[in-house]
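Take the sequence shown: its position 115, counting from 1, is numbered 114 in numbering that gives the first Met the number 0, and each next residue is one higher. I have placed the structure first, in the form of structure tokens, so that the comments after it can refer back to it.
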Amino acid sequence: MSVSISTIRSSALVRLVRPLQWIKNFFVFAPLLFSGKFRFGSSIQNACIAFIAFCFVSSAIYVFNDLNDVERDRRHPKKRFRPIASGQVSRFVAAVLIGALLVACFSVSVAANWKLLLVLGSYLVLNIGYTLQFKHQPVIDIFCIAAGFVLRVVAGAVALGVPLSSWMFVTTLCLALYLASLKRRQELLAMKSDSETRAVLKHYSIALVDRYAEMSAVGALLFYSLYVMNDGSRLVITIPIVLFGLFRYWFIVESKGEGESPTDALVRDPLLISTIVVWTAVCVYALSGLAA
0 MSVSISTIRS
10 SALVRLVRPL
20 QWIKNFFVFA
30 PLLFSGKFRF
40 GSSIQNACIA
50 FIAFCFVSSA
60 IYVFNDLNDV
70 ERDRRHPKKR
80 FRPIASGQVS
90 RFVAAVLIGA
100 LLVACFSVSV
110 AANWKLLLVL
120 GSYLVLNIGY
130 TLQFKHQPVI
140 DIFCIAAGFV
150 LRVVAGAVAL
160 GVPLSSWMFV
170 TTLCLALYLA
180 SLKRRQELLA
190 MKSDSETRAV
200 LKHYSIALVD
210 RYAEMSAVGA
220 LLFYSLYVMN
230 DGSRLVITIP
240 IVLFGLFRYW
250 FIVESKGEGE
260 SPTDALVRDP
270 LLISTIVVWT
280 AVCVYALSGL
290 AA
């Protein structure tokens, strides 16, 4: 039964676009921070444009994913309460919302430059492919999730008109693989009795994804350390903070059962939030030339 827009609760539409997941889009600001361009208002403006555009396109993907997976979600103990699966939002309204979000994304991105639009288009194509096919392919699914984070960093660099550091690229990839591997780990634990909701999980084991996470965490720390130690950068003082963050996140996953949603794991742990805030502040301090 169709549901008219006038009868849809605004809270259902808000939940459908998942604003909490916009936290992931803060990866867009990494080039702004490490290029030192956070001192310039125009650069901050362009980075914010990229961030807003990514919020629109990522929300469009979330709606598309829910629309495509509605039948699976109805069999899931938690996802069955999502707006489309529960019937709070009709498929027609969801489709209209996708179109509106993509138009908004295009309108915002053209304010920066056409290259940003290409990155956003790549992200859109990647995630449509992920929703329709790639999320059913083991290993490919994890790399697709990671690629989404890398494209966020690329978008930040493109919006600023600065080259993307090779070190930043590989560090972001490893960090994203770490998060994606632990996400699959927690999904395995949560869905042992209902694996039909995500068929790709049948190809994984806890031991395997743990090894993926370990390899990725080591890679992220190694490449980040080499990056900040290059040319005697004062950012070397942030290495212990990053190491603590990696340890803390895995502690949350292991002891509290978080990690199926990295965003939820972050917002529920004040210490992890504080770690990110301190890391950002130290980076700004070191890169702004305030350190002696």
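Ideal placement from N, C-alpha and C gives every residue a C-beta, glycine not left out.
Backbone CA spacing between residue i and residue j [nearest angstrom]
i    : j    : result
R247 : A46  : 29 Å
I238 : L221 : 10 Å
K255 : V276 : 22 Å
A285 : Q136 : 42 Å
W249 : V241 : 13 Å
S194 : V252 : Bear in mind that the predicted position of S194 carries a pLDDT of just 45, short of 50, making it too unreliable to give a figure here.
V161 : L101 : 26 Å
A99  : L188 : 37 Å
V107 : V124 : 19 Å
V118 : I205 : 34 Å
M167 : K78  : 34 Å
V56  : N126 : 10 Å
L116 : V109 : 7 Å
Residue nearest to residue i in terms of C-alpha spacing, selected from the options
i    : options                   : result
Y129 : R79, V69 and I60          : I60
D263 : A93, H75, A219 and W21    : W21
R267 : V13, L19, L131 and R14    : L19
M171 : R183, A145, P162 and G155 : Inspection of the sequence shows that residue 171 is occupied by Thr rather than by Met. It is A145 whose Cα lies nearest to the Cα of T171.
A49  : F25, L32, E70 and D68     : F25
V138 : V69, L200 and K78         : L200
G244 : R233, M228, L12 and P261  : P261
Same chain, Cβ closer than 7 Å to residue i, neighbours up to 5 away in sequence not counted
i    : result
S224 : I238
Y177 : A212, S215, A216 and A219
R17  : S58 and Y61
S305 : The first residue shown for the chain is 0 and the last is 291, placing residue 305 beyond what the model contains.
Contacting residues, own chain, Cβ-Cβ under 8 Å from residue i (five flanking each side not counted)
i    : result
S165 : none
L32  : T279, C282, V283 and L286
N229 : W166
Cutoff 6 Å; reference residue i; Cβ partners in own chain excluding five residues on either side
i   : result
C54 : W21 and N24
| Can you list, in chain order, the stretches of the alpha helix (DSSP H) that have 4 or more residues and sit fully within the stretch 14-82? | 29-33, 40-67 and 69-73
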